[in-house]
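Student:
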Amino acid sequence: MTLVFSSFSIIGVPSYFVIPYLITFGIFLYISNKYSDKTLKFWKSTDDQIFVSLGWFAFIYYLISTISRIVIVIIGICFRLDISSILNIEMAAFVLPIYNNFSIIIIITIVFDFMLLSGKGLMAGLHLRMYKHYKLILSGKEKLDYRQVFYQISIKDGNNISKKIITNNNFI
């Protein structure tokens, strides 16, 4: 949420965008919580450890949006503090289309803020659904299939390193 706060304090996004930001987060939280059963996969090992796979789409989406927002904050700080004059660098040569018009950076920031908040909503919805299923599994209301969980270890024998796969403490 620090990245979103920086939109208001550093970049200069109008404060009335808080309401659409909260609505966007809430909508994506609801959608992800409601429809995430298809991406969640639970299984139990033979020693009763519970494992979960959340899928990868929400994580990749959130990662890309976070990285892009960090880049935008760095660009915004450079423009707000006028670092180009401090370092004697001509910024117009690097970012000519947006150098004279800071409102373009504000619009880009708003778009990527919506992307960041939708990604955070997706992740929060997945975690809420995971927590609900986990409580049902612990209470016994939901059953899981037992799956073999394989662990790969390396055994050093003199100069040779051999890899063995262990399941249920038996060598295969």
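With numbering that gives the first Met the number 0 applied, the sequence shown covers 0 to 171. Built from N, CA and C at the ideal position, the CB exists for glycine as well.
L137 and W42 look like a contact to me (Cβ under 8 Å); what is the Cβ gap, rounded to whole Å?
Tutor: Not a contact, Cβ separation roughly 15 Å.
Student: Report the three-state DSSP secondary structure of V51 (helix, strand or coil).
Tutor: strand
Student: Going along the chain, which residues of its own chain have a beta-carbon closer than 7 Å to the beta-carbon of S5, five neighbours each way excluded?
Tutor: V72
Student: S67 and G54 - do their beta-carbons sit closer together than 9 Å?
Tutor: no
Student: L115 and S31 look like a contact to me (Cβ under 8 Å); what is the Cβ gap, rounded to whole Å?
Tutor: The Cβ separation is near 15 Å, so there is no contact.
Student: Let me make sure I understand the geometry here. Which of V3, G25, T1 and V12 has the alpha-carbon closest to that of G101?
Tutor: Correcting the residue identity first, residue 101 is Phe in this sequence and not Gly. It is V12 whose Cα lies nearest to the Cα of F101.
Student: Less than 9 Å between the beta carbons of D112 and Y20, yes or no?
Tutor: The answer is yes: Cβ separation under 9 Å.
Student: Based on the DSSP output, what are the partners of F24 in its beta bridges?
Tutor: Per DSSP, none; premise fails for F24.
Student: Considering only residues of the same chain and omitting the five flanking positions on each side of F7, which have a CB-CB separation below 7 Å?
Tutor: S14
Student: Taking only the alpha-carbon atoms, compute the straight-line gap between T38 and Y60 and give it to the nearest angstrom.
Tutor: 15 Å
Student: How many angstroms separate the CA atom of V17 from the CA atom of K134?
Tutor: 33 Å
Student: Could you give the DSSP three-state label for F41: helix, strand or coil?
Tutor: strand
Student: For D112, name the three-state secondary structure that DSSP assigns.
Tutor: helix
Student: Identify the continuous alpha helix (DSSP H) that holds Y60 and give its terminal residues.
Tutor: F56 to R79 is the extent of the alpha helix (DSSP H) around Y60.
Student: Between the C-alpha atoms of I109 and R128, what's the straight-line distance to the nearest angstrom?
Tutor: 28 Å
Student: Should S214 go down as buried or exposed, given a rule of 16 or more other Cβ atoms within 10 Å for buried?
Tutor: Residue 214 is absent from the model: the chain starts at 0 and stops at 171.
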